[in-house]
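Notes follow once the structure below has been shown.
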Amino acid sequence: PWSAPLVQAATGKPGTTIRVGTTVPAGAIDPVTVGDTGGLLMLQQVGEFLVFDQQDLRLAPMLATSWKPNQDGSVWTFTLRQGVKFHSGKTLTADDVVATIDRLADPKNASNALSVFKGVLSKGNTRKIDDHTVAFHLDAPNGNFPYHISSDNYNAIILPADYQGDFEKTWDGTGPFRIEKYTPKVGASFVPNPDWWGGRVLPARTEFSFYTDQQPQVLALQGGQIDIVSQIVVQGAQGLLGDPDISIIKIEAATHRQVHMRCDIPPFNDKRIRRAMALTLDRPAIVTGLFRGLSDLGNDSPFAPVYPSTNKSVAQRRENIAEAKALMAAVGSKGFSVTLTTEQYQEMPDYAVLIQNAAKEIGIEVRLKIEPQDAYYGSAVFGKSDWLDSPFGMTDYGHRGTPDVLLAAPLMSGGSWNAAHFRNPAYDKLVAEFVAAVDLSSQRAIAGKIETLLLEETPIIFAYFYDFLTATRKGVTGAEPTAIAQLFLQSASAG
Amino acid sequence: MRSGWGAWFARRISLSLLTLFLLSLVVFAGGQLLPGNVGRTILGPLADARAVAALNHQLGVDRPAIVQYLGWIGGLLHGNMGESLEFRSPVAPFIGAALVKSLKLAAVAFMIVVPLSIGGGVVAALKAGTAIDRTISLAGLSLTIIPEFVSSIVVILLFGIWLRILPISASWPEGAGPLDQLRHLIPPAIPLVVIQFGYIARMARAGTIEALEADYTRTAILKGLPRALVVQRHVLRNALLPTITVIATQTAYLVGGLVVVETLFRYQGIGSLILTAARGKDFPMLEGGILTVGAVYIGATLIADALAVLVNPRLAPEMTG
Amino acid sequence: MNAALSIEGLEVAYRARGREQRVLGGVSFTIPPGGSYGLVGESGCGKSTLALAALGILPRAGRITAGNIRIAGEDLLALDAGALRRLRARQVSMVFQEPARALNPTLTIGRQMAETYEILGVPRAEGEAHAAAMLGRVHIAAASRVMASYPHQLSGGQQQRVLIAMALAKEPALLVLDEPTSGLDATVEAEVLDVIATLRRELGTALLLISHNLGVVERMCERVGVLYAGMLVEEGPTEALFADPRHPYTHGLLRCLPAAGRRKAQGRLETIPGFLPAPGRRITGCVFAKRCRLADARCHKEAPLARDVGEHGGGHFSLCHYAERVADLSRETSVEPSPASDSPAPAKTELEIENLSKTYVTGGAHVRALSGVSIVLGTGETLGLVGESGSGKTTLARLLLGLTAPDAGGSIRLDGTRLEGAASGRSQAARKALQIVFQNPDSALNRAHTVRYLISRALGRLGGFRGVRREQRLRELLAAVRLEPQYLDRRPRQLSGGLKQRVAIARAFAGEPRIVVCDEPTSALDVSVQAAILNLLAELQRERRTSYVFISHDLGVVRYLADRIAVLYLGRLMEFGPAERVFRGPHHPYTEALLSAVPALRAEHARIRLAGEIPSPVDPPSGCVFHTRCPRKLGRICEREEPPLERMADHAIRCHIPRAELPAA
Amino acid sequence: MSAGTTTSDAGPLAELTGDMPAEAEEPTRWAVLRRSGTFWSGTTIIGFWALAAIFGPRVVPWDPYATDLLHELAPPSAVHWFGTDQLGRDIFSRVIVGSRDILTIAPLATLLGTIVGTTLGLAGGYLGGLVDTLLGRIIEVLISLPLIIVALLALVALGLSSVTVVIVIGLVFAPLIARTVRAAVLGERALDYVAAAELRGESALAIMFIEIMPNVMGPILVETTVRLGYAIFTVASLSFLGFGIQPPSPDWGLAIAENYGVIAGGYWWTVAFDAAATASLVVGVNLFADGLHEALAA
Ligand SMILES: Nc1ncnc2c1ncn2[C@@H]1O[C@H](COP(=O)(O)OP(=O)(O)OP(=O)(O)O)[C@@H](O)[C@H]1O
Ligand SMILES: Nc1ncnc2c1ncn2[C@@H]1O[C@H](COP(=O)(O)OP(=O)(O)OP(=O)(O)O)[C@@H](O)[C@H]1O
Ligand SMILES: [Mg+2]
Ligand SMILES: [Mg+2]
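Here it is in structure tokens:
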């Protein structure tokens, strides 16, 4: 039987305490609202999803044992696992699933999953067939629907039907660990759930310490005060990469930066200039310099190499200054100056500097405006957000299990994250086709067309998709992170 | 003068309350300037606008600002500091915990720096002009100007990573005893000591030199008192008054201003609490945190002033002014 | 028996701004056991330095570069720390100029007194008893209350007496007093000096008394040394030295005081031109040569040696080549007597003050600083305002000028027109008409500005002068106050005290004022400078018919300048009338006491002692406010009824005693 | 002697002959300053960095902005004297040129704080009464707010730019300076020259700025130089926290923030030189301030 979302076999020593450093949860731990890595990591310690999105981006059963679409992919039916118990002792039934998903799809609920379900699943369309079968009636056919309610959708941990919004009191999930103690802003500890359906839980205890910054976590790991840093980025962790006492768990992911160029206003309203800009970047060098190679190259579309649906036959864009200059000349531009607005986050300032230097080659003078994240996003609606309003900007996007959302919101006409103000009916149509496609080969075919179109238009530069990295002390085994910063520890051992 | 104390305290306290009230207004007005809104901050930039609106409504931050402020201050008058918007639970426990932590760190820093710097300053003054004096003064000057983030990193690398003799996180494990807590507090206290040492030592030195040249010291010397007694009884009592005041004014910084140190040493003091509250637009938390720092500062200066009067009753008439 | 103090060839230098500056250049003198020695000289001549050096307590910057000091036979400079401490514990005491600074503000009086005994090994209880007894001997009544007090809770006079008690507690062989009374009122000063004299006699203590007040020194000391620029220029028995000075400097010092009874109408006061040389400056020849009217080429080249010039024996030394010719100086400028009118010529009334009161409210207490004062002042006259510290003199001055608003009810009329209470509410003309010369020129002159700016600004604002006219007036004004144009570009810190006060006077006169208030304009200055300033004021008045309100605690000075005198006590006008009448009497018992307390040179009159302290203006005594201290108190009536200000002609007295029975000089 | 004659040889003019008054002889403050080793060491250090800021870009061996991803984190060598940073930029060149922003922002911020603070201090101290009470409260309010937090909040609220940093630090310093100035003004206010000016009918503004201000320049100057040290410190701290100077500026605080994470990996040179530069500048300013202070106290 499928036991746990585990790649490595549980060979570690049982009964150890695993100490994890992670980002401090930004607010109350409520599965409905949580939207930050610290919070979702807490949810996932006690809660479980219907399906689990594995490191290779294929789905595995979790609380659902099987699922299938109807013919056109507009209705998906899930069969639930039998004999699963919540920590409170209650048995999991279809009612719990219906209530959980409906809660997340309800626009009145401050649900963080609302943007995922938008145009996919509406409130009231999740229906109980019997105690262990649930059917999802979608707004439109969707070949990738199971991903939307998988561990990819970190809000979608299954809660009891009578959940009151008091998660921090109950921590009532079905997972391998139950809460021991949670102190906001400080840390949390968990102990094994003896009734877990998946069998034996290896550690005796897990302890999470919250940090506001990566550096102290790195230092704490090196100082031996924690065993795992749940997520590291290469910047500031170069020291760990060569450290013989440290192991790095690397997961290929679709995490990336979108460098948008507004297609509706100068200076980037001509697609040749946008292409010229994209041609200045030496992507392999960037990947080496910023990520020590721990990254895939981007080809200016959301199709990351990690996605099975990505069409790899489309040629990779490379640095080509001559062509870029030619394009500039064709437009009659001798260069201009423009401000690149971006966030104070991870490697982004460095990347911005590299863009700045690269653009110089074709006479584009880039000024940098690097803001704190909240200032950059502002109110996150058009007209009140540097993110959505700036002519030239760079935004951080986390990993997604499928490219669907990334194809739609940032690029489709009227997309709510369409900072590039890109409007292309042909593209919109292709995306609709892609989303509805149920089998991989047709998905790949459509992907090829989309990739080609985006290379031609280049509203957004996707230069890289970097790997998700978790650092552990040597001797830590069995810890399994996901590319969205979850961390499964039921098989972990601290040696 | 005795009856003056009551009036003095009453006046000081009412002035302090006025200050705190103004402070809360300033913070509130300042908070309005912060970009974005709470709902957006909690749910993140990519969340659906309907969810954001729903959350803002739930939290009551879609009401007019003045209504929110009045509601908050009304609660405060009933001893209720309000609920955190981000954590959706009362702010008092958060602030209480952070305050205790900040005070502990400040106390440890003071415990190290006060004897060290006053001792240093006094010795420098007694040996004024000698090599000892110059060494102490120069050390003070050099240390004071090392930015916290520089000295903190040095401390972490040196004691935490290379020598491994001190923890690199200031947060002690659950249930740690006082000694263990102290061990955890020493590393973050070091940068603070480094910054404060020169400042306090300099004050102590100047005060001591002045008192050493004062007529009353001459009077004492002429009484034939042993030098140690002259210094202890006549010089130090007067010399250290300004130093006390200086130390008191440092509390605002030590209790609320340690963003860098708290971040680097992973310590959940008031400084980082205020900062995260501000970035999260968590207004009740922000108000509570800042008012707490304000109250600590005002309290410390009050105590310092009262102490000064106790030590030197001549300052008492000023109390009425 | 060993001398109490013997100093030989003492040289002291200060290190200032990286340079050594010699401030004492070979001073020698001896005080026999039980003897008393007075040291006089201009400010900055090294008096305090000498005292501090003699006891081995120079400031850090100071250093003894030569000479030796013996106290009761022991060589101070050769003693180790322990011996020095023992010597200090038993043999020497010092009382500093400012009592408030010589007491530790953080300890009670009792504690500080006890230390003296503690160090002598006296048991605690016994020490306390001794301390209380000692306080009794310096006329402190409530000894136990005082011992429980902190220094700031005592008045200046009490503090000084405590210090004296502390100094004498160990019955030292030598007592050093550095200007022990200069911060005190004449009445208090007299009492403090009495205490010292009595105790000294009883204990057989030798005394080194430093004072710029020649009267005090004359009264207290057997021998006097005159210090000039770190040199003892003359030294001798008090009697001989004062009667027959043998150094031109001493002569000048004695002559520049307004002698008893001398009035402005009788002519100028003697002055000593020039300034003290800067410390550390190398001088060839006689240090005083530059200021000396006897000096000739020899004096500038050849330093004189001390020699005995006494005709009466007893060791009268002078450091002058021409000591024998000093006596001739007096004859050159003898007083030309001019007819002194008894009461001022009837003048037009310039200023009329009626029923003026002022109550300060501080910390809930009401301080009645001035209570129903009515005074008139005629054109070209001087009103002398006298009274002890806190009597309300400055308050009255500030009310006149509009710097403080008076209580409702009173009025100030200038030439018949009523003036607004606050200067800001007055017309520019009214502001122009009333100007002031402050006590302390350092405080009164903005040290950031040049003399030119200081005076021009006043000329511009008050005189309304611009451009060339202003420049012209500036020159005229400078000439009027006898300032040379070379000073125009100096800042106050580059001027001496006397020059500064001249600038302040020039500024006050810039707008052709009708009335100038002078609030103790010379009390911060040396006597030699004081004379020049008084001369200047008198001349300006003669030239311009300006009226003065002249405040001073020095009755000698007031007598020299004033045409009318107002005596204030606790904010009440006790007496008001033409100067000569007030001085001659019959006068108020308080005036009588004030007059008798002045330690004038060779004064003959007996002193009247005022008992007790000045009462607090917060809670003044009932009836006649003076009854608590009045030596002529009649009885119950004085306690119950406030006497009216009784006028007889232009002389008013507030006393129950009938005029005929009032004292007269 | 008759009235008005001034020619007698014992007359007043004669009083003026003789020596100059003692004070005129003493070395001026400037002379004290000139001989102050402290002052000159400070001036030398500041001068060095000022020259580096002005001429640095023209003399440094490398373009401080040029990235070279193939030679990132190279240790100090003959080619890169101070090594390279994470983007392969030459650290020596960056340290030299890095004085630019801080040497513009810190003095400007200090100047702004001094001007505003002095004005507030003069107004509170001279006008007294209600104005003073209110200003006093506001100053206390601002002082009880930890500096770095005010700066952070203001920067978040007003948006990031060097101008904002100047304004924010200036305004944060203003109450501190105002407090010092006010205390000094209170001392001056009691002096008689102020009363004399009032008696001339001078306006409040004239009294504050023409009469009083020159006399409190000492404390203002000392406060300003001390604040300048703190300004450098604060600008560096803000850069470190990511709220100050923007990349790709070679600013020292920013460089330390960008690189301090890698020192544990042995790449000490990415931080050490910038830290030393920051420290040296603050030491320089403090020495300068100290020397000035000594001279003014003399
Ligand atoms: N600590 C010191 N450092 C440097 N110079 C000093 C110091 N104390 C005094 N002086 C200088 O020494 C000279 C003599 O000073 P001293 O105080 O002995 O004079 P004084 O006669 O007591 O004057 P006064 O009557 O004003 O008290 C003065 O020029 C003074 O400026
Ligand atoms: N601003 C003030 N506030 C409160 N009380 C004051 C104030 N100014 C003066 N007084 C009080 O008023 C009384 C009279 O003071 P004033 O200064 O007029 O006396 P004075 O005769 O000039 O004394 P001195 O000879 O010491 O200068 C004193 O008791 C003094 O303490
Ligand atoms: Mg003296
Ligand atoms: Mg007075």
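Sequence order for the protein chains is A, B, C and D. For what it's worth, the numbering used here labels the leading residue of the first sequence as 1, then goes sequentially. For what it's worth, the numbering used here labels the leading residue of the second sequence as 496, then goes sequentially. For what it's worth, the numbering used here labels the leading residue of the third sequence as 817, then goes sequentially. For what it's worth, the numbering used here labels the leading residue of the fourth sequence as 1482, then goes sequentially. Quick reminder that beta carbons are idealized off the backbone N, C-alpha and C, glycines included.
Check your understanding: Fully enclosed by the segment 643-696 of chain B, which alpha helix (DSSP H) runs are 4 residues long or longer?
Key -> 643-650
Practice item. Report yes or no: is there a C-beta of chain C within less than 9 Å of the C-beta of V726 (chain B)? Key: no
Check your understanding: Just the Cα atoms here: how many angstroms apart are A445 (chain A) and N311 (chain A)?
Key -> 7 Å
Check your understanding: So with Cβ pairs under 9 Å, would you call I956 (chain C) a contact of chain D?
Key -> no
**Study point:** Length of the line joining the Cα atoms of V1103 (chain C) and P1656 (chain D)
**Key:** 53 Å
Exercise for review: Sort A:K118, A:D131, A:A105 by Cα distance to L92 (chain A) and report the nearest one.
Suggested key: A:D131
**Study point:** Partners in chain B for L919 (chain C), counting only beta-carbon separations shorter than 9 Å
**Key:** D710, Y711, T714
Practice item. State yes or no: is the beta carbon of S1259 (chain C) nearer than 9 Å to at least one beta carbon in chain D? Key: yes
**Study point:** For G841 (chain C): DSSP bridge partner residues
**Key:** C:E827
Practice item. Taking only heavy atoms of ligand 1 into account, decide whether any of them is closer than 8 Å to the Cβ of K1316 (chain C). Key: no
Check your understanding: Tell me which same chain residues have a C-beta within less than 8 Å of the C-beta of L540 (chain A), skipping the five on either side of it?
Key -> Only positions 1 to 495 of chain A appear in this structure, which leaves residue 540 (chain A) out of reach.
Review point. What residue from C:L1341, C:L1290, C:A832, C:I980 has the CA that sits closest to L1311 (chain C)'s CA?
Key: C:L1341
Exercise for review: Could you tell me whether any non-hydrogen atom of ligand 2 is closer than 8 Å to the CB of E1005 (chain C)?
Suggested key: no
Exercise for review: List the residues of chain B that V1637 (chain D) touches, going by C-beta distances under 9 Å, in chain order.
Suggested key: L528, L529, P530, A773, R774
Check your understanding: Three-state secondary structure (DSSP) at R558 (chain B)?
Key -> coil
Exercise for review: Consult DSSP for S1761 (chain D) and reduce its assignment to one of helix, strand or coil.
Suggested key: helix
Review point. Which same chain residues, not among the five before or five after R1184 (chain C), have their C-beta less than 6 Å away from its C-beta?
Key: T1175, G1387, P1433
Check your understanding: Any heavy atom of ligand 3 within a distance shorter than 8 Å of the CB on E944 (chain C)?
Key -> no
Check your understanding: Does the beta-carbon of W197 (chain A) have 16 or more other beta-carbons within 10 angstroms, so that it is buried, or is it exposed?
Key -> buried
Point to revise | For Q55 (chain A), three-class secondary structure by DSSP | key: coil
Review point. Alpha carbon to alpha carbon, what distance is there between V1576 (chain D) and V806 (chain B)?
Key: 50 Å
Check your understanding: In chain order, which continuous runs of the alpha helix (DSSP H) of length 4 or greater are located wholly inside the segment 947-1034 of chain C?
Key -> 959-964, 972-985, 1002-1019
Check your understanding: Can you list, in chain order, every residue whose CB sits closer than 7 Å to a heavy atom of ligand 4?
Key -> C:K1209, C:T1210, C:D1335, C:E1336, C:I1367
Point to revise | Nearest neighbour of R1570 (chain D), chosen from D:A1685, D:P1729, D:A1676 [CA to CA] | key: D:P1729
Review point. Chain B beta carbons: is any one of them nearer than 9 Å to that of Y1269 (chain C)?
Key: no
Check your understanding: Would you report the Cα separation of S57 (chain A) and N142 (chain A), rounded to the nearest angstrom?
Key -> The sequence as given places Leu at residue 57 (chain A); Ser does not occur at that position. Going by the C-alpha atoms only, they are around 17 Å apart.
Check your understanding: Taking Cβ positions only, does F1724 (chain D) come closer than 9 Å to chain A?
Key -> yes
Review point. If you compare alpha carbons, which of C:P1437, C:Y933, C:M1047 is closest to V1120 (chain C)?
Key: The sequence as given places Pro at residue 1120 (chain C); Val does not occur at that position. Among C:P1437, C:Y933, C:M1047, the Cα nearest to that of P1120 (chain C) is on C:M1047.
Check your understanding: To which residues of the same chain is V1541 (chain D) closer than 8 Å at the C-beta, ignoring the five residues directly before and after it?
Key -> D1571, F1573, S1574, I1577, V1578
Check your understanding: Within this structure, are the beta carbons of T924 (chain C) and A981 (chain C) separated by less than 9 Å?
Key -> no
Check your understanding: Does the Cβ of E1391 (chain C) lie closer than 8 Å to at least one heavy atom of ligand 3?
Key -> no
Review point. Is any beta-carbon of chain D found at less than 9 Å from that of L513 (chain B)?
Key: yes
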